[in-house]
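In my numbering, the protein residues as written are 2 to 285.
Have a look at the structure below before the remarks.
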């Protein structure tokens, strides 16, 4: 039976560290503050927003909600972003994406000031990940995987890590974060031939394909560590599931993150830690 790499203790440790840092900032008259930018009332956005606000409150981080209708015009939307960029009391900005079509997907992604881009969506943040410098922040989900490895004492140096997925949200930035820890990286994607043959040879497998339970027993071998980034709804089973077919993988591998309760449960804690770090950088 594999060891479960649960996210809750990782998130709790991150938030405890954030609380200590927030208290020191407040002694200087600085309250770390996150602006959440949302257009419309998408249920998944509302759910994530609720969770993020709860985590922020637990760490002493303030939240400013910038809520606009789904049919908001570009002028209003980008003025709100610009105001948040130039407001010294706001240290981090989280923009729910995709934004409504009339706003322009790429323009919106690039509108946030990198130093306040706590979800790592801008080119400035991504450049910081690729150059291993303090420009912006890594995408929260990618960073959450690293936080789990760190918490459970998984040394990445020299390890062969295979990633399934090459998105800008997880796959590509996570590959760089792992490489910065001296891991050797293989990235598989939709054009990769015989993915299971590749993943079976890895020390660590990270599944971030967004395909429900696509990785079954044939993808894994004994002694491996598996991080399942996927969060999908299985209609047939009526429950959340990951990209890994847990029932087949868990008896084979050595350690695995569960879904739910794994990577996803650390993501909002990483967001909070990025807001606190942004406040520290902007007031250092």
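Cβ coordinates follow ideal geometry from the N, Cα and C atoms, glycine included.
For the candidate residues the options, whose alpha-carbon lies nearest to that of residue i?
i, options, result
"residue 197", "180, 216, 204 and 186", "216"
"residue 230", "65, 207, 247 and 239", "207"
"residue 102", "71, 168 and 251", "71"
"residue 3", "242, 224 and 244", "224"
"residue 164", "228, 76, 74 and 182", "228"
"residue 191", "177, 209 and 142", "209"
"residue 6", "28, 279, 251 and 49", "251"
"residue 94", "140, 253, 167 and 23", "140"
"residue 159", "120, 239 and 182", "182"
"residue 50", "268, 280, 281 and 285", "268"
"residue 53", "23, 30 and 16", "16"
"residue 18", "79, 115, 48 and 278", "278"
"residue 76", "89, 90 and 104", "104"
"residue 238", "152, 256 and 213", "213"
"residue 59", "20, 46, 174 and 79", "20"
"residue 282", "111, 116, 235 and 78", "116"
With residue i as the anchor, note down where its beta strand (DSSP E) starts and where it stops.
i, result
"residue 273", "Run containing residue 273: none in the beta strand (DSSP E); it sits in the alpha helix (DSSP H), 265–283."
"residue 173", "No beta strand (DSSP E) contains residue 173, which is instead part of the alpha helix (DSSP H) from 172–181."
"residue 204", "Residue 204 -> no beta strand (DSSP E), and no H or E assigned at all."
"residue 229", "226–229"
"residue 94", "93–96"
"residue 163", "161–165"
"residue 235", "233–235"
"residue 240", "240–242"
Need the endpoints of the alpha helix (DSSP H) that residue i sits in, please.
i, result
"residue 25", "9–28"
"residue 75", "75–87"
"residue 223", "Here residue 223 belongs to no alpha helix (DSSP H), and DSSP marks it neither H nor E."
"residue 250", "247–250"
With the cut-off set at 7 Å, would you say residue i and residue j are in Cβ contact?
i, j, result
"residue 184", "residue 271", "no"
"residue 194", "residue 179", "no"
"residue 33", "residue 92", "yes"
"residue 68", "residue 57", "no"
"residue 96", "residue 38", "yes"
"residue 226", "residue 205", "yes"
"residue 62", "residue 245", "no"
"residue 119", "residue 109", "no"
"residue 242", "residue 260", "yes"
"residue 12", "residue 266", "yes"
"residue 143", "residue 171", "yes"
"residue 1", "residue 284", "Residue 1 lies beyond the range of the chain shown here (2 to 285); nothing can be said about it."
"residue 248", "residue 218", "no"
Could you give the DSSP three-state label for residue i: helix, strand or coil?
i, result
"residue 118", "strand"
"residue 64", "strand"
"residue 149", "helix"
"residue 39", "strand"
"residue 111", "coil"
"residue 123", "coil"
"residue 188", "strand"
"residue 256", "strand"
"residue 5", "strand"
"residue 128", "helix"
"residue 100", "coil"
"residue 215", "coil"
"residue 196", "helix"
"residue 142", "helix"
Validate contact between the segment 71–85 and the segment 123–138 using beta carbons, cut 8 Å, 3 pairs:
no
contact_flag[the segment 112–124, the segment 147–154] where n(CB pairs < 8 Å) is 3 or more:
no
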